[in-house]
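Numbering-wise (the working numbering), the sequence shown opens with residue 1101 and increments by one.
We put the CB at the ideal spot given by N, CA and C, even for glycine.
As the structure is a computational prediction, the values presented were derived from the model and not from experiment.
To start, the structure itself, in structure tokens.
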Amino acid sequence: MMLPEACVANILAFTSPADAFSSSEVSSVFRLAGDSDFVWGKFLPFDYQNIISQSTDHHRSFSSKKEIYRCLCDSLLIDNARKLLKINKFSGKISYILSARDLSITHSDHASYWSWSNVSDSRFSESAELITIDRLEVKGKIQTGVLTPNTRYGAYLIMKVTKGAYGLDLVPAETSVLKSKSGQNNKNTTYLCCLDEKKQQMKRLFYGNREERMAMTVETIGGDGKRREPKGRDDGWMEIELGEFETREGEDDEVIISLTEVKGYQLKGGIVIDGIEVRPNC
């Protein structure tokens, strides 16, 4: 005997978005139940109406909650297009990208240090390109209350290295992901560009062991001895892992995410910052 549609919908609401998507293959009753607003209302972020109202697409009308869910899976620009929100299609977990304009970047308002322009493959209208500076400080903030609870998150700086880049691999930058209320602080170090052996040999010719001596001032932060550097992304950009944190049910803590390189005192330039991504690691 086939279960009533309402009963099937109630069961699906306790599963996952992946199960709801695949339920249509079971039978017509499962297909109808799996398309219902009751089911998809359980998988949408609790404040999805507020999210839609903040989006650049807020005048758009939706025929169902399943359609809203699909829209959020495709990503949505919110907060005057300074942030991008996206949910994982199969898990329903929430990710954010804070645009470069939503970050605190030292001297980013000085044209002699930073240049703001539209980059063709950026998610946002402007990205920040470092011209030259000796103290690099980038900081972003997000509330755990807007993220998926009981989830381990990673924070990543989305960036590119230009052809004329310099001073990025002399000493590592320090990274930190701090939860303000709990005091949980995940610290590490990373280089701002990938290792180029030919360049390294040339620098040793000119600077001797200056690199090693300077690196020793910050190398102890990481603790595991691994060289961290940017990694390629599927979207053509690169990312630097800044750290991890966990969210808890009912918690609303401020997470402060930062990257700083202020101990080398050498000039550096040639990175383009698109933003900081906060996404589930599992």
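Handout entry: 8 Å Cβ shell around Arg1333 - same chain, five flanking residues per side excluded
Key = Ile1258 and Glu1339
Handout entry: Own chain partners of Ile1151 with C-beta closer than 8 Å, once the 5 adjacent residues on each side are dropped
Key = Once the five neighbours on either side are set aside, the close Cβ partners of Ile1151 are Pro1145, Leu1172, Leu1176, Ile1178 and Leu1185.
Practice task
For the region 1177-1230, list the beta strand (DSSP E) runs that are entirely contained and at least 3 residues long, ordered along the chain.
Solution key: 1183-1187, 1194-1199, 1214-1217 and 1227-1230
Exercise for the section: Give the straight-line distance between the Cα atoms of Ile1187 and Asp1174, rounded to the nearest whole angstrom. Expected result: 8 Å
Exercise for the section: Kindly indicate which three-state DSSP category Pro1433 falls into: helix, strand or coil? Expected result: Coverage of the chain is limited to positions 1101 through 1382, which leaves residue 1433 absent and any answer about it impossible.
Practice task
Kindly indicate which residue of Val1372, Ile1371 and Val1238 has the alpha-carbon position closest to the one of Ile1357.
Solution key: Val1238
Practice task
Assuming Val1372 contacts Thr1290 (C-beta within less than 8 Å), just tell me the rounded distance between them.
Solution key: Incorrect: roughly 17 Å between the Cβ atoms, too far for contact.
Practice task
Verify the CB distance criterion: does Asp1221 have a CB-CB separation below 8 Å to chain C?
Solution key: Note that chain C does not occur in the displayed structure, where there is just one protein chain.
Practice task
Return the CA-CA distance between Ile1242 and Ser1280, expressed in angstroms with no decimal places.
Solution key: 11 Å
Problem - Cut-off 8 Å between Cβ atoms - residues of its own chain near Gly1350, not counting five sequence neighbours on either side - result: Pro1249
Exercise for the section: Starting from Gln1243, follow its DSSP beta bridges and name the residues at the other end. Expected result: Answer by DSSP bridge pairing, in chain order: Glu1354.
Problem - Reference Ala1255; option with closest CA among Asp1353, Ile1376, Gln1149 and Ala1211 - result: Ile1376
Handout entry: Alpha-carbon spacing of Asp1147 relative to Pro1104, whole angstroms
Key = Annotation: Asp1147 to Pro1104 spans about 30 Å, alpha carbon to alpha carbon.
Problem - Validate contact between the region 1149-1163 and the region 1128-1135 using beta carbons, cut 8 Å, 3 pairs - result: no
Exercise for the section: Would you mind sorting Gly1264 into buried or exposed? The rule is 16 or more other CB atoms within 10 Å of its CB. Expected result: It is exposed - the Cβ of Gly1264 has fewer than 16 other Cβ atoms within 10 Å.
Handout entry: Residue range of the beta strand (DSSP E) that includes Glu1377
Key = Gly1369 to Pro1380
Problem - Start and end residues, alpha helix (DSSP H) containing Ile1111 - result: Residues Glu1105 to Leu1112.
Exercise for the section: Keeping to the same chain, check which residues put their C-beta closer than 6 Å to that of Gly1322; ignore five residues upstream and five downstream. Expected result: With a pLDDT of 49 at Gly1322, under the threshold of 50, the modelled position of that residue is not reliable, and no figure is offered here.
Practice task
For the alpha helix (DSSP H) holding Ser1161, just list the boundary residues, first then last.
Solution key: Taken as a continuous stretch (DSSP letters only), Ser1161 belongs to no alpha helix (DSSP H), as it is neither H nor E.
Handout entry: Test item: CB-CB of Leu1236 and Thr1360 under 8 Å
Key = Taking 8 Å as the Cβ cut-off, Leu1236 and Thr1360 qualify as a contacting pair.
Problem - Reduced DSSP category for Arg1131 - H, G, I as helix; E, B as strand; rest coil - result: helix
Handout entry: Pro1272 burial status per 10 Å Cβ neighbour count (16 or more: buried)
Key = buried
Practice task
Using 7 Å as the cut-off, classify the Cβ of Pro1330 as near or not near the heavy atoms of the ligand SAH, replying yes or no.
Solution key: The ligand content of the structure shown is nil, which means the ligand SAH is not present either.
Handout entry: Phe1345 classed as buried or exposed, judged by whether at least 16 other C-beta atoms fall within 10 angstroms
Key = buried
Exercise for the section: Measure from the alpha carbon of Glu1226 to the alpha carbon of each residue in Gln1366, Ser1164, Asn1381 and Ala1181, then state which is nearest. Expected result: Ala1181
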